[in-house]
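Chains as they are written, first to last, in the working numbering: chain E, 195 to 358; chain G, 699 to 848. Ideal Cβ placement from N, Cα and C applies to all residues, glycine included. Each remark here refers to the structure printed beneath this line.
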Amino acid sequence: MKETYKIILVGLLSAILVALQVGLASIPNVELVSFLLLIYALIFPLSMNILITFVFVTIEMLVWGMGDWVIGYYWIWPIWVVLIFFLKPIIKENHFGWSMVCGVWGVLCGALFAINHGIFYGFNFSIAYWIKGIPFDIIHTVSNYVITLVLFKPVIKLFKQLYK
Amino acid sequence: MRKLLKYTLPIVAIVAVLFIIQDYFKPEVIEEQKTVTLTFSIVEEDGTQQLEQIDVGSIKEDELLTLGDVIDKVNRDHEHINFKLSGSKDSEFGRYIEGINEYLTEDISTGPWWFYNSETNEVCIAAGFCDGIDTQPVYDEDIFDFEFTR
Numbered sequence: 195m196k197e198t199y200k201i202i203l204v205g206l207l208s209a210i211l212v213a214l215q216v217g218l219a220s221i222p223n224v225e226l227v228s229f230l231l232l233i234y235a236l237i238f239p240l241s242m243n244i245l246i247t248f249v250f251v252t253i254e255m256l257v258w259g260m261g262d263w264v265i266g267y268y269w270i271w272p273i274w275v276v277l278i279f280f281l282k283p284i285i286k287e288n289h290f291g292w293s294m295v296c297g298v299w300g301v302l303c304g305a306l307f308a309i310n311h312g313i314f315y316g317f318n319f320s321i322a323y324w325i326k327g328i329p330f331d332i333i334h335t336v337s338n339y340v341i342t343l344v345l346f347k348p349v350i351k352l353f354k355q356l357y358k
Numbered sequence: 699m700r701k702l703l704k705y706t707l708p709i710v711a712i713v714a715v716l717f718i719i720q721d722y723f724k725p726e727v728i729e730e731q732k733t734v735t736l737t738f739s740i741v742e743e744d745g746t747q748q749l750e751q752i753d754v755g756s757i758k759e760d761e762l763l764t765l766g767d768v769i770d771k772v773n774r775d776h777e778h779i780n781f782k783l784s785g786s787k788d789s790e791f792g793r794y795i796e797g798i799n800e801y802l803t804e805d806i807s808t809g810p811w812w813f814y815n816s817e818t819n820e821v822c823i824a825a826g827f828c829d830g831i832d833t834q835p836v837y838d839e840d841i842f843d844f845e846f847t848r
């Protein structure tokens with residue numbers, strides 16, 4: 195892939211993530227970022243995906259301001275991408291499988307964020323933060339599962355057509 | 699259909715486990731007669747101005763279970779202090795404080811906001827922060843400090 199083309203794609207795909215994140219911000223923990231990063235990871239190379247997560251987080255910081263969550267975003271989203279790359283050869287394009295993985299990611303994401311906060315504020319804070327966040331994690335898990343189940347097939351088809 | 703069930707069951711199991719964990723760790727609400735102290739201060743650039751300190755007491759044992767109950771009682775019994783609250787008490791996250799008397803948060807993104815903390819409430823101490831007013835249990839002789847600050 196040509197470098198210029200790659201740069202344009204990274205910018206465009208990051209912009210889609212930001213636009214959808216901001217658009218859905220009023221609904222707590224219902225997001226399309228996990229799902230879209232999954233689609234991106236199934237189509238584009240790892241290096242490009244990592245770059246997309248960094249650009250996405252940086253723009254998020256510009257939109258929402260700096261906070262301890264930004265540090266978390268910088269390492270948690272790349273973990274999601276790497277996890278997808280690990281599971282890619284096993285799950286392939288089984289939309290049921292990816293729906294389940296996205297659902298599990300909802301819980302894992304909350305736990306990783308608790309760890310991120312624990313680094314700053316201590317172990318007790320981390321545990322309390324995780325327990326208080328369980329209702330959000332449940333929403334995240336269920337919504338990720340449903341979103342992937344419903345959107346996986348049409349969106350992956352669309353991206354493949356566009357990326358021919 | 700069988701495939702859908704196969705991949706949905708783990709998600710249902712995870713959600714069930716999360717519900718159980720949340721219920722297990724829910725802070726204990728104690729029914730007893732209580733006196734809870736609230737302090738109010740305004741943090742300005744040139745220092746903190748202490749406004750007031752009030753004691754709120756219960757007659758019945760189940761009258762003051764959460765900080766939200768204490769605030770409701772203040773709104774009923776203390777004419778000179780008026781908490782302006784938003785949201786619903788019955789929702790998952792309860793109500794939040796928009797303002798106290800003339801000190802209102804006009805812009806939620808820039809503040810100033812009302813923060814509260816307690817150095818006596820064991821749940822706040824254990825967590826390192828206090829929960830939302832309707833989920834924060836209160837105990838006898840608790841002191842909650844309310845600060846209007848950025």
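Spatial distance of residue i from residue j (CA atoms)
i: residue 273 of chain E; j: residue 838 of chain G; result: 45 Å
i: residue 262 of chain E; j: residue 311 of chain E; result: 7 Å
i: residue 796 of chain G; j: residue 744 of chain G; result: 24 Å
i: residue 224 of chain E; j: residue 732 of chain G; result: 40 Å
i: residue 819 of chain G; j: residue 773 of chain G; result: 22 Å
i: residue 753 of chain G; j: residue 771 of chain G; result: 11 Å
i: residue 811 of chain G; j: residue 196 of chain E; result: 50 Å
i: residue 739 of chain G; j: residue 270 of chain E; result: 38 Å
i: residue 293 of chain E; j: residue 344 of chain E; result: 9 Å
i: residue 321 of chain E; j: residue 722 of chain G; result: 13 Å
i: residue 769 of chain G; j: residue 741 of chain G; result: 21 Å
i: residue 353 of chain E; j: residue 237 of chain E; result: 8 Å
i: residue 207 of chain E; j: residue 800 of chain G; result: 46 Å
i: residue 350 of chain E; j: residue 209 of chain E; result: 18 Å
i: residue 664 of chain G; j: residue 783 of chain G; result: The requested residue 664 of chain G is not part of the displayed model; chain G covers only 699 to 848.
i: residue 808 of chain G; j: residue 347 of chain E; result: 42 Å
i: residue 200 of chain E; j: residue 719 of chain G; result: 45 Å
Neighbouring residues, chain G, relative to residue i (Cβ below 8 Å)
i: residue 318 of chain E; result: 824, 825, 826
i: residue 322 of chain E; result: 824, 825, 826, 827
i: residue 298 of chain E; result: 708, 709, 712
i: residue 315 of chain E; result: 826
Reference residue i, options the options, closest by Cα
i: residue 257 of chain E; options: E/344, E/213, E/280, E/291; result: E/213
i: residue 297 of chain E; options: E/339, E/217, E/351; result: E/339
i: residue 250 of chain E; options: E/228, E/335, E/289; result: E/228
i: residue 716 of chain G; options: E/255, E/336, E/260; result: E/336
i: residue 255 of chain E; options: E/308, E/299, E/215, E/348; result: E/215
i: residue 324 of chain E; options: E/302, E/345, E/342, E/341; result: E/302
i: residue 709 of chain G; options: E/350, E/351, E/342, E/346; result: E/342
i: residue 252 of chain E; options: E/285, E/268, E/240; result: E/268
i: residue 786 of chain G; options: G/799, G/766, G/777; result: G/766
i: residue 211 of chain E; options: E/358, E/230, E/286, E/316; result: E/230
i: residue 734 of chain G; options: G/764, G/781, G/823; result: G/764
i: residue 356 of chain E; options: E/289, E/233, E/282; result: E/233
Expected contact under 8 Å - CB spacing of residue i and residue j to nearest Å
i: residue 243 of chain E; j: residue 275 of chain E; result: 5 Å
i: residue 737 of chain G; j: residue 747 of chain G; result: Contact doesn't hold; Cβ gap of about 12 Å is too wide.
i: residue 319 of chain E; j: residue 826 of chain G; result: 4 Å
i: residue 266 of chain E; j: residue 307 of chain E; result: 5 Å
i: residue 705 of chain G; j: residue 300 of chain E; result: Not really, about 14 Å apart at Cβ, beyond 8 Å.
i: residue 279 of chain E; j: residue 235 of chain E; result: 6 Å
Proximal residues of chain E, C-beta to C-beta of residue i below 8 Å
i: residue 720 of chain G; result: 325, 328, 329
i: residue 836 of chain G; result: Residues of chain E passing the Cβ test: none, with the nearest at roughly 17 Å.
i: residue 701 of chain G; result: 290
i: residue 705 of chain G; result: 290, 291, 293, 294
i: residue 716 of chain G; result: 301, 328, 331, 332, 335
i: residue 844 of chain G; result: Within chain E, no residue comes near residue 844 of chain G; the closest Cβ sits about 20 Å away, beyond 8 Å.
i: residue 813 of chain G; result: Chain E residues near residue 813 of chain G: none, gap ~16 Å exceeds 8 Å.
Chain-ordered neighbours of residue i on chain G, where CB pairs are closer than 7 Å
i: residue 257 of chain E; result: None at all; the shortest Cβ gap to chain G is about 11 Å.
Interface partners of residue i on chain E, CB under 7 Å
i: residue 713 of chain G; result: 332, 335, 336
i: residue 738 of chain G; result: Those do not exist, as residue 738 of chain G stays about 25 Å from chain E at its closest Cβ, beyond 7 Å.
Which residues, in chain order, does the segment 326–346 of chain E contribute to contact with chain C at a C-beta distance below 7 Å?
Protein chains in the displayed structure are E and G, and chain C is not among them.
Any 3 or more C-beta pairs closer than 8 Å across the segment 834–848 of chain G and the segment 804–820 of chain G:
yes
Take every Cβ of the segment 826–834 of chain G, pair it with every Cβ of the segment 789–800 of chain G, and state whether three or more of those distances are shorter than 8 Å.
yes
For the segment 757–772 of chain G against the segment 723–732 of chain G, are there 3 or more C-beta pairs whose distance is under 8 Å?
yes
Meets three-Cβ-pair contact criterion under 8 Å: the segment 205–220 of chain E and the segment 321–336 of chain E:
no
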